Amino acid sequence: MSSSQLPDWKQSLIETTLSSGILTFGSFKLKSNRISPYFFNAGLFCEGHLTRSLSQAYAHALDNYSREHPDFSFDVIFGPAYKGIQLCATTAYALADIDEKYGRVGHTYNRKEVKDHGEGGLMVGKSLKGKKVVIIDDVITAGTAIREAISMIDAQGGTLAGIIVAIDRQEKMPSQAEKDGQPDDGTPSGSAIGEVRRETGVPVLAVLTLEDMINGLNQLGKQDEVARMQEYRQQYAASD
Numbered sequence: 001m002s003s004s005q006l007p008d009w010k011q012s013l014i015e016t017t018l019s020s021g022i023l024t025f026g027s028f029k030l031k032s033n034r035i036s037p038y039f040f041n042a043g044l045f046c047e048g049h050l051t052r053s054l055s056q057a058y059a060h061a062l063d064n065y066s067r068e069h070p071d072f073s074f075d076v077i078f079g080p081a082y083k084g085i086q087l088c089a090t091t092a093y094a095l096a097d098i099d100e101k102y103g104r105v106g107h108t109y110n111r112k113e114v115k116d117h118g119e120g121g122l123m124v125g126k127s128l129k130g131k132k133v134v135i136i137d138d139v140i141t142a143g144t145a146i147r148e149a150i151s152m153i154d155a156q157g158g159t160l161a162g163i164i165v166a167i168d169r170q171e172k173m174p175s176q177a178e179k180d181g182q183p184d185d186g187t188p189s190g191s192a193i194g195e196v197r198r199e200t201g202v203p204v205l206a207v208l209t210l211e212d213m214i215n216g217l218n219q220l221g222k223q224d225e226v227a228r229m230q231e232y233r234q235q236y237a238a239s240d
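Take the sequence shown: its position 113, counted from the start at 1, is 113 in the UniProt record's numbering, and no numbers get skipped.
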């Protein structure tokens, strides 16, 4: 497969994840019992320069999509607790850095427990009432957390405009055989992200897809890693 040139911000993020150990290679058992040749540990974005790199990438992804789809707009970035808390704030900051038109984009997160004193309530940050909201998170695995976030937005009077995550593995959801502890039976299936797209009818964006990572690693001459990822993709690629 020939590789495609990635935008500088995607290639830069891939190189950052490699140098920091966020993207690693080996044999990793996933919740689905699949053995993945790579692992993307978003929890390691825990230093200032790494957080900056990730938030800039989220911002570029949203900005690029907005430019390509003029009918797409949003007022608030909502980050579900806990991982989404820093993501919504730093991405709003990075967006304002890209273009002053994003300077009034708000950011909001939820409390795990409703506060009954002070300002009180479930939400912290910009009000969602009457606003178009983008949910930001690191991954979509089964879609449960995203559905909970959508319910919170609805309850606050907001409208879901889109969803953005860091990684789209572009692999199918576990088959019944895998859920029963058996090897995959080869049944075609869509991805968790694809299912959320179909359910919500809104754009679900990813900063990096498996395809992006393969192309980026190709640019770096990581042929062994690319070969293992392509083999994994051939076995578990989503039908959508």
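Heads up, the beta-carbon is just placed ideally off N, CA and C, and yes, glycines get one too. Bear in mind the structure is a predicted one, so any value in this text is a computation, not a measurement.
Taking the beta strand (DSSP E) that residue i falls in, what are its first and last residues?
i: V204; result: V204 to T209
i: I140; result: Careful: I140 lies outside any beta strand (DSSP E) and carries neither H nor E.
i: K10; result: Unbroken run through K10 is the alpha helix (DSSP H), D8 to S19; no beta strand (DSSP E).
i: K179; result: Where K179 is concerned, there is no enclosing beta strand (DSSP E), although the alpha helix (DSSP H) it sits in stretches over Q176 to K179.
i: S27; result: L23 to K29
i: V124; result: G121 to G125
Do residue i and residue j have their CB atoms nearer than 8 Å?
i: T209; j: Q182; result: no
i: I153; j: V133; result: yes
i: L62; j: L95; result: yes
i: K126; j: G103; result: no
i: Y109; j: A92; result: no
i: L13; j: S53; result: yes
i: K179; j: A237; result: no
i: Y232; j: S36; result: yes
i: I146; j: I135; result: yes
Identify whether residue i lies in helix, strand or coil by the three-state DSSP scheme.
i: residue 241; result: Missing from the structure shown is residue 241; the chain here goes from 1 to 240 and no further.
i: G79; result: strand
i: R169; result: coil
i: K222; result: coil
i: L44; result: helix
i: G118; result: Here G118 scores only 46 on pLDDT, less than 50, and its place in the model should not be relied on; the value that follows carries that caveat. If DSSP states are grouped into helix, strand and coil, G118 belongs with coil.
Tell me the residue span of the alpha helix (DSSP H) that contains residue i.
i: V196; result: A192 to T200
i: S55; result: G48 to E68
Let me confirm a value: residue i is counted as buried when at least 16 other C-beta atoms fall within 10 Å, else exposed. Which label applies?
i: P174; result: buried
i: G121; result: exposed
i: Q56; result: buried
i: D8; result: exposed
(request) Inspect the CB distances between the segment 186 to 195 and the segment 149 to 161 and report whether three or more fall short of 8 Å. (result) no
(message) Measuring CB atoms only, is the segment 194 to 210 touching the segment 128 to 143, in the sense that at least three cross pairs come out at less than 8 Å?
(response) yes
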